[in-house]
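What follows is a short report on a single structure.
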């Protein structure tokens, strides 16, 4: 396996890429990923990082066989395109690894541009992936894999973009715009994930009656504060469902417990308050007027403005919207809405309500699952998108 | 006290800059009756937003700072504010060094001011202070190496005059003093004075402090009149100049307070925190009250051995870059 720093990448000979196309979900790959999964899940250091553990679980054979069953009719004639270039986002540490696995499951060789921000769990994962035993046992896989760092204006990166058979760009809008404009192979299969926004739907009564509010708070924290509320899947709107008096009570309890939980874990880091001021300033600029903010604590700021698009809210700023019927969501939903996390509802109920009222989210999932990357993302089946189906007559 | 001026300037910018006005209405709803309660803008706002209190047609100059994450600050000046900044700089400079123009020895390369793509805080500083120069010589070539022969020529041409040496602190150490030491050369600059700025961060990582800096400078050049200054592109003009007692005082028309890095609550003297700067001359853009990302502590100016009683600033470092900017990584 090659892990290239910026200088090494600039000097890398693109001719030396070992281009391989594999069958989707091929057995050798699944066996490899299962072993990788075991290495990750048994690593003491990894336990500190819930996102790394989630990735470890994803790679288990059981999970992958389950996903594979969705393609059972195509397994013999679906292959990768060749070389896939993955442009990782700078905000979600383990995203690059998921993207890589998706590229591999789709049968491709892969170049992955690592996030330029330092994340300890990325460093750890790369070291676990570099396991000598694995490299010896699965040479085919490692020969088709390059992880690299590059400068933002890297000439070598532009050359690589011209050569690849497929390209996956994980946001944001500016990066997507840039990559759309770069020179590419005319047949290059491109997959872009521009900016998205997300919301939480919470049943006030169910929350107040919940046995373990801590569980809900922890789940919410994992969807938001864990990544500085900086993921596309992190909610910025919170829909509170129920009677006005119930909602008022529920919000008080929620806010109190959330602040306590956040402070107990890590609280705000130096400078985060400045970031929050700037995040709100962005919103003010788009909104073209001042915003009323309730600063419940430094960790939690609330707005209650159903006309506001809080897409720039970060580090613990949420827009509370009270609703007494599910179809009200339609009036407040934003055009690039991705995830709706929920608590206190049945999935089927929500499905029915949304379908009846033409309300669309890419994914509707229980609170706590926002950051779980899946092979269908933003409504796209990534495996199908990065692979092609051959036919013989 | 500058409070009244800051209050007036706040009103002025609220009236003329919509984003600033909405921002103040959002965050600063309490009575503005002390410096601590005055609205402040984070310095990074000038990178992310176009903040001006004038019409586009009145823009006379746009100052840029180099951004470490690619995006520079944009500071919009009209003729009036540009003039006021110049005048303030002249006032501060002349207070310290007298009313002349001097042959100027710039410890930098001419590329820094000539090359459009190399524009940085250094460019702005060199251009700013060049108003005090009569003849200017850049001591470094485009590779940042000392042009030693030409340098010696320049010094001998002006041997009976006071030479004004200017440069960024780290460059002076690395590309001037260390270079001279390596060449085993001493320069006859007994009558010169040195003004340097740009921060001590790089030298701190080399474990070099102000005392060592001054000692080596004196050893290699005989120059003893060495003054450090602190300033920023976002608030040009009101620089903090080192006094004869070795302290950096706020100039007239400026002030500072320190805020806790986590809570942003104001702190008193001798407590380290984020530096917030006030300046009464920034009229074309809302730069009169800026929360910087420099970390430092203040001291009571009255306790200084020099005659200046204005508040003293001590910079100890910078806030670690905790920018939370969304997922765009490869290109912005």
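Residue numbers (our numbering), protein chains in the order written: chain V, 1055 to 1447; chain G, 1397 to 1728.
Even for Gly, the Cβ is constructed at its ideal location relative to N, Cα and C.
In this text the structure is predicted, and so the values were computed from the model without any measurement.
message: I need the straight-line Cα distance from residue 1553 of chain G to residue 1587 of chain G, nearest angstrom please.
response: The alpha-carbon atoms of residue 1553 of chain G and residue 1587 of chain G are separated by roughly 14 Å.
task: Return the chain-ordered ranges of every alpha helix (DSSP H) run that is complete within the stretch 1226-1302 of chain V and spans a minimum of 4 residues.
output: As for any alpha helix (DSSP H) of minimum length 4 sitting wholly inside the stretch 1226-1302 of chain V, the runs are 1227-1235, 1258-1263 and 1267-1277, ordered along the chain.
- prompt: Using a C-beta cutoff of 7 Å, does residue 1727 of chain G count as contacting chain V?
  reply: Reliability fails at residue 1727 of chain G, whose pLDDT of 49 lies under 50, so the model's placement of it is uncertain and the value that follows must be treated cautiously. So, interface residue.
query: Can you find at least 3 beta carbon pairs, one from the stretch 1419-1429 of chain G and one from the stretch 1450-1457 of chain G, that sit closer than 8 Å?
result: Counting C-beta pairs with one atom in each stretch, the stretch 1419-1429 of chain G and the stretch 1450-1457 of chain G have fewer than three that are closer than 8 Å, which means they do not touch.
query: The alpha helix (DSSP H) spanning residue 1660 of chain G covers which residue range?
result: Unbroken run through residue 1660 of chain G: none, as it is neither H nor E.
- prompt: Looking only at C-alpha atoms, which of V/1328, V/1433 and V/1156 sits nearest to residue 1353 of chain V?
  reply: A check of alpha carbon separations from residue 1353 of chain V across V/1328, V/1433 and V/1156 identifies V/1328 as the nearest.
task: Scan the stretch 1159-1202 of chain V and note each continuous alpha helix (DSSP H) run of 4 residues or more that stays entirely inside, going in chain order.
output: The stretch 1159-1202 of chain V is shown to contain whole alpha helix (DSSP H) runs of 4 or more residues at 1174-1183, 1186-1191 and 1193-1197, in chain order.
- request: Report the three-state DSSP secondary structure of residue 1147 of chain V (helix, strand or coil).
  value: Three-state DSSP puts residue 1147 of chain V in coil, outside helix and strand.
field: Residue span of the beta strand (DSSP E) that contains residue 1404 of chain G, given as start and end
entry: Careful: residue 1404 of chain G lies outside any beta strand (DSSP E), inside the alpha helix (DSSP H) at 1399-1412.
message: Between V/1402, V/1089, V/1303 and V/1438, which has its C-alpha nearest residue 1429 of chain V's C-alpha?
response: For residue 1429 of chain V, the nearest C-alpha among the options comes from V/1438.
- prompt: So with Cβ pairs under 7 Å, would you call residue 1602 of chain G a contact of chain V?
  reply: False, the Cβ-Cβ gap to chain V never drops below 7 Å.
message: I want to verify the contact list: residues of chain V whose CB lies under 7 Å from the CB of residue 1657 of chain G, in sequence order.
response: Neighbours of residue 1657 of chain G on chain V, chain order: 1324 and 1325.
query: Which residue from V/1222, V/1060 and V/1178 puts its Cα closest to that of residue 1097 of chain V?
result: Between residue 1097 of chain V and the set V/1222, V/1060 and V/1178, the nearest pair of CA atoms involves V/1178.
query: Any idea what DSSP makes of residue 1592 of chain G, helix, strand or coil?
result: Residue 1592 of chain G falls in the strand class under three-state DSSP.
message: Could you compute how far the alpha carbon of residue 1507 of chain G sits from the alpha carbon of residue 1279 of chain V?
response: Taking the straight line joining both Cα atoms gives about 45 Å.
- prompt: In chain order, what residues of the same chain lie with their CB nearer than 6 Å to the CB of residue 1059 of chain V, ignoring the 5 residues before and after it?
  reply: Only residues of its own chain outside the window of five on either side were considered, and among them 1203 have a CB closer than 6 Å to the CB of residue 1059 of chain V, listed in chain order.
field: Contact between the stretch 1115-1122 of chain V and the stretch 1131-1148 of chain V (3+ Cβ pairs under 8 Å)
entry: Counting Cβ pairs under 8 Å, fewer than three are found: no touch.
- prompt: In whole angstroms, what separates the C-alpha of residue 1166 of chain V from that of residue 1682 of chain G?
  reply: Their Cα atoms are separated by approximately 43 Å.
field: Endpoints, the beta strand (DSSP E) within which residue 1391 of chain V is located
entry: Run containing residue 1391 of chain V: 1391-1397, per the beta strand (DSSP E) assignment.
Proximity winner among V/1442, V/1441, V/1070 and V/1436, relative to residue 1224 of chain V (alpha-carbon distances): Closest option to residue 1224 of chain V, Cα to Cα, is V/1436.
field: Close beta carbons around residue 1676 of chain G, own chain, < 6 Å, minus the five adjacent residues each side
entry: Within the same chain, residue 1676 of chain G has close Cβ partners 1398, 1401 and 1649.
Cut-off 7 Å between Cβ atoms - residues of its own chain near residue 1432 of chain G, not counting five sequence neighbours on either side: Counting only Cβ-Cβ distances below 7 Å, and skipping sequence neighbours, we find 1653 and 1662.
- prompt: So, using beta-carbon positions, are residue 1697 of chain G and residue 1709 of chain G closer together than 7 Å?
  reply: With contacts defined by Cβ atoms closer than 7 Å, residue 1697 of chain G and residue 1709 of chain G do not form a contacting pair.
- prompt: Does any C-beta atom of chain G lie closer than 7 Å to the C-beta of residue 1482 of chain V?
  reply: One cannot answer for residue 1482 of chain V here, as it falls past the ends of chain V, which runs 1055 to 1447.
query: Given that residue 1668 of chain G touches chain V, what residues does it touch there, using C-beta distances under 9 Å?
result: Chain V residues near residue 1668 of chain G: none, gap ~11 Å exceeds 9 Å.
field: Rounded C-alpha distance that separates residue 1731 of chain G from residue 1297 of chain V
entry: Nothing about residue 1731 of chain G can be read from this structure; chain G reaches only from 1397 to 1728.
query: What residues in its chain sit with their C-beta under 8 Å from that of residue 1599 of chain G, if we drop five residues either side in the sequence?
result: Counting only Cβ-Cβ distances below 8 Å, and skipping sequence neighbours, we find 1565, 1566, 1569, 1605 and 1609.
- prompt: For residue 1419 of chain G versus residue 1335 of chain V, is the C-beta distance shorter than 7 Å?
  reply: Cβ atoms of residue 1419 of chain G and residue 1335 of chain V: closer than 7 Å.
- prompt: What does residue 1344 of chain V touch in chain G if you count any residue whose Cβ is under 7 Å from its own?
  reply: Under the 7 Å cutoff, chain G gives 1418, 1421 and 1422.
query: Grouping DSSP H, G and I as helix and E and B as strand, with all else coil, what is residue 1481 of chain G?
result: Helix at residue 1481 of chain G.
message: Using only the alpha-carbon positions, how far apart do residue 1527 of chain G and residue 1680 of chain G sit?
response: Each residue's Cα considered, the two are about 22 Å apart.
message: Can you tell me whether residue 1020 of chain V is helix, strand or coil according to DSSP?
response: Since the first residue shown for chain V is 1055 and the last is 1447, residue 1020 of chain V is missing from the structure and cannot be characterised.
task: Determine the burial state of residue 1659 of chain G: buried for a count of at least 16 other Cβ atoms within 10 Å of its Cβ, exposed for fewer.
output: By the C-beta density criterion, residue 1659 of chain G is exposed, having fewer than 16 other C-beta atoms within 10 angstroms.
query: Residues in its own chain within less than 8 Å of residue 1368 of chain V by CB, not counting five upstream and five downstream?
result: Excluding positions up to five away in sequence, the list reads 1282, 1283, 1284, 1329, 1330 and 1333.
message: 7 Å is my cut-off, CB to CB: does residue 1682 of chain G come that close to chain V?
response: For residue 1682 of chain G, the nearest beta carbon of chain V is not closer than 7 Å to its own beta carbon.
- request: Counting only the same chain and skipping the five closest in sequence on each side, list residues whose C-beta sits under 6 Å from that of residue 1377 of chain V.
  value: 1293 and 1295.
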